[in-house]
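Student: For the sequence shown, the UniProt record's numbering gives the first residue as 1, with consecutive numbering after it.
Take a look at the following structure, please.
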Amino acid sequence: MNRRILLGSLPALAAPRLLRAQGTIRITDVLGRQVSLPRPARRIVLGQGRHVFAMALLHPDPVSLVVGWADDLRGQNPPDYAALRARFPQADAIPLVGRVQGDGMSVEAVLATRPDVVILSGGGLRRMGEGLPDRLTALGIPVVVIDFFTDPIRDTRRSMAVLGQVLGLEDRAAAFQAFYAERLDRITTRLSGLGEARPKVLVHAHAGGPPCCSSPGKGAFDSMIRFAGGHNIGAEMLPGATGQLPLEYVLATQPAVYVATGGPYAGRGGIPLGPGVPVAEAERELAAVIRRSHLESLSAVKARRAHAIWHGFNDTPAHMVMLEAMARWFHPDRCADLSPAATMADLNTRFLSIPMEGAHWADLQPGAIQ
């Protein structure tokens, strides 16, 4: 069997190439910054804890490399953290070096971890402090910036290449990049010649939490809606990346497709999606949120073109799963053969050392809205 295929098929069993030829690793990160490492990093600080899941696409034990991280994963997404901890209980011992919501990253805490490199998110630099990379670099700590959030279609492949260099796993990163490109090519091929024949779409962000309707405007989520062949009604009205659409505007616009986003919201009025969530629970809460939001009269709801998607897809290389799901919902005539379930299964089998489990999307079921 070809060695690359074997590594791609058995990420948890096949030992990755952890050693490389002697010599400096020269990296250009997504901001165009030039960074040099003397060797693959074995002590990593994550400015965004959830990036451990991006590392898990390449490395069989990403937690073993992390010596410090921000609190976003533990504090904001307990189900994802529980899934991580179930496989790597040593995660509990990793010190927190910063708060995503609050005063940013503690330089003193970072120094105490003696890191080989700090990995920051381009999408989170404003919260962490845009001068942070230069401050850490001045103290002799290499910093690389990756980004799966700001412009995911543009930056994901480059970010994974950077991560592969940092870990000394360029072959694994190249295999993922090829898989990613092939999945996106499937979508672009099916939507070729689409032009302006795009259905109006309401993406109801964090549905069921704040009053209807929080929505993406002109930003990262909008670029993914457009890639999947939809027309985001939020972009018509909201000048920023996110904002609030009046219910009256939504009802008057009558989007053809309704997509609610959910996550770790069990017991909080939203749609539970993600690790440990049964699909039946997500389907039930999708219908409940539609009723509570007074959206029963939408043509999208009456036609059962109403769905829910895991909000976490907006900041992960695995967003190809969401792109396939949305393309199917927006253009069932062109994209019915796309299978987000098969793509997620391939990610789990070929790449992820922390598999994606539980319902990550749901559809409105017949008779759910009376």
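For every residue, glycine included, the Cβ atom is placed at its ideal position computed from N, Cα and C.
Quick one: what's got a C-beta closer than 6 Å to Cys-213's C-beta in the same chain, skipping five residues either side?
Tutor: His-204, Leu-245, Val-250
Student: Taking Ala-256 as the reference, give the member of Ile-369, Gly-209, Trp-329 with the closest Cα.
Tutor: Ala-256 has its Cα closest to that of Trp-329, out of Ile-369, Gly-209, Trp-329.
Student: Which residues bound the beta strand (DSSP E) around Leu-58?
Tutor: Unbroken run through Leu-58: none, as it is neither H nor E.
Student: With three or more beta-carbon pairs closer than 8 Å as the criterion, would you say the stretch 151-163 touches the stretch 221-239?
Tutor: yes
Student: Would you call the CB atoms of Leu-202 and Leu-298 closer than 9 Å?
Tutor: Contact flag set, yes.
Student: Nearest to Ala-83 by alpha carbon, out of His-360, Ile-354, Ala-300, Val-143?
Tutor: Ile-354
Student: In this structure, does DSSP put Ile-354 in helix, strand or coil?
Tutor: coil
Student: Can you grab the Cα-Cα spacing for the pair residue 371 / Arg-50, in whole Å?
Tutor: In this structure the chain extends from 1 to 370, so residue 371 is not present and cannot be described.
Student: Based on Cα-Cα distance, which residue from Leu-364, Gln-365, Asp-29, Glu-283 lies nearest to Val-143?
Tutor: Nearest of Leu-364, Gln-365, Asp-29, Glu-283 to Val-143, Cα basis: Asp-29.
Student: So, Gly-262 versus Asp-80, is the Cβ gap smaller than 9 Å?
Tutor: no
Student: What residues match up with Glu-306 in a beta bridge as DSSP calls it?
Tutor: The identity of residue 306 in the sequence shown is Ala, whereas the question assumes Glu. Answer is Tyr-258, bridged to Ala-306.
Student: For Ala-41, is the classification buried or exposed, using 16 other Cβ atoms within 10 angstroms of its Cβ as the cut-off for buried?
Tutor: buried
Student: With distances taken from CA atoms, which of Gly-219, Ala-228, Phe-227 is nearest Gly-234?
Tutor: Gly-219
Student: With DSSP as the reference, label Arg-114 as helix, strand or coil.
Tutor: Correct three-state label for Arg-114: coil.
Student: Which word fits Ile-5, buried or exposed, when buried means at least 16 other C-beta atoms lie within 10 angstroms of its C-beta?
Tutor: With a pLDDT of only 36 at Ile-5, under the threshold of 50, the placement of this residue in the model should not be trusted; the figure read from the coordinates follows. Exposed: under 16 other Cβ atoms inside 10 Å.
Student: Leaving aside the five residues before and after Gly-243 along the sequence, list all residues of the same chain whose C-beta is less than 6 Å from its C-beta, in chain order.
Tutor: Gly-217
Student: Please work out which residues of its chain come closer than 7 Å, Cβ to Cβ, to Val-279, disregarding the five sequence neighbours upstream and downstream, and give them in chain order.
Tutor: Ala-359, Ala-362
Student: May I ask which residues mark the beginning and end of the alpha helix (DSSP H) holding Val-289?
Tutor: 279-292
Student: Return the CA-CA distance between Ala-336 and Leu-347, expressed in angstroms with no decimal places.
Tutor: 20 Å
Student: Which whole-angstrom value describes the C-beta separation of Ala-91 and Arg-85, a residue pair presumed to lie in contact below a C-beta threshold of 8 Å?
Tutor: 5 Å
Student: Relative to the C-alpha of Val-259, which candidate in Ala-241, Leu-295, Ala-252, Tyr-265 has its C-alpha closest?
Tutor: Among Ala-241, Leu-295, Ala-252, Tyr-265, the Cα nearest to that of Val-259 is on Leu-295.
Student: Excluding the 5 residues flanking Phe-149 on each side, which residues of the same chain have their C-beta closer than 6 Å to its C-beta?
Tutor: Around Phe-149: Gly-123, Ala-220, Asp-315.
Student: Leu-132 and Leu-125 - do their beta-carbons sit closer together than 9 Å?
Tutor: yes
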